[in-house]
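Written out below as structure tokens is the structure these notes cover.
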Amino acid sequence: MNNRVIFTAGPGSGKTSIIEFLCHMGYQSAPEVGRKVIQAQVKSQGSALPWLDKIAFRDEMVLEEIKNYENFGDTEVTLYDRSIIDSYGYSKLERIPISELLLDKCGELDYCRKVFIFPPWEEIYENDAERKQDFNEAVATYDEMVSAYTKFGYDLIEVPKASVKERAQFIVSKLTDG
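Counting in the working numbering, the sequence shown runs from 162 upward without gaps.
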């Protein structure tokens, strides 16, 4: 089994909270690159931000996703807070040209074919310093992620809307199913 397990969603669906909970249970995780890029760009007063230059932002995310993939091996289960496929979905969502590097890496980087997808959940949706999208954009992002992962042959497992503990238990049960 490929131990690179992807968690994807639109923003604000509880994905990161579940990953943090699972890390407390002993799983390792690769960080979400979008938030990392935004924080670095704000700190350096850069322009590769989704509200300033969507293409530059996407390109920075692609480079960070490649680093994530290279930095985490396949020997133990690693939870990926998004993947290179999300950068493809983001490109489609924002109607920006898809680079050759992105397209190549979507086919080259090999993750577990079972992907956990978190549906939009308005009751828990919140904005913060890096998340400026409204809930409608979160829904549209979710739809693009479904399309992108399906295009690249991944099997989506929808995580039910439930407590953090219940969602984590659901995921662990699916991971141990093989």
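The beta carbon of each residue, even a glycine, is placed where N, CA and C say it ideally should be.
The structure presented is a predicted model; accordingly, all values stated were derived computationally and were not measured.
Please give the ranges of any alpha helix (DSSP H) in the segment 202–288, keeping only runs that are unbroken, at least 4 residues long and fully inside the region.
215–232, 245–255, 261–269, all fully within the segment 202–288.
Within its chain, find whatever has a CB closer than 6 Å to the CB of residue 250; leave out the 5 residues flanking it on each side and keep chain order.
305, 306, 309
At a cut of 8 Å, does the segment 246–265 reach the segment 200–210 through at least three beta carbon pairs?
no
According to the neighbour-count rule (16 or more other Cβ atoms, all chains shown, within 10 Å of its Cβ), is residue 200 buried or exposed?
exposed
Does residue 248 get closer than 8 Å to chain D when you measure Cβ to Cβ?
Among the protein chains of the structure shown there is no chain D, as only one such chain exists.
Contact check, residue 183 vs residue 332, beta carbons under 8 Å
yes
One question on the structure: do residue 341 and residue 281 come within less than 8 Å of each other, judged by their Cβ atoms?
Residue 341 lies beyond the range of the chain shown here (162 to 339); nothing can be said about it.
Of the residues 180, 164, 163, the one placed nearest residue 170, counting alpha carbons only
180
Which first and last residues belong to the alpha helix (DSSP H) in which residue 331 is found?
325–337
Going by C-alpha to C-alpha distance, which of 187, 225, 322 sits closest to residue 196?
When the alpha-carbon of residue 196 is set against those of 187, 225, 322, the nearest one is in 225.
Buried or exposed (CB count within 10 angstroms, at least 16 for buried), residue 186:
exposed
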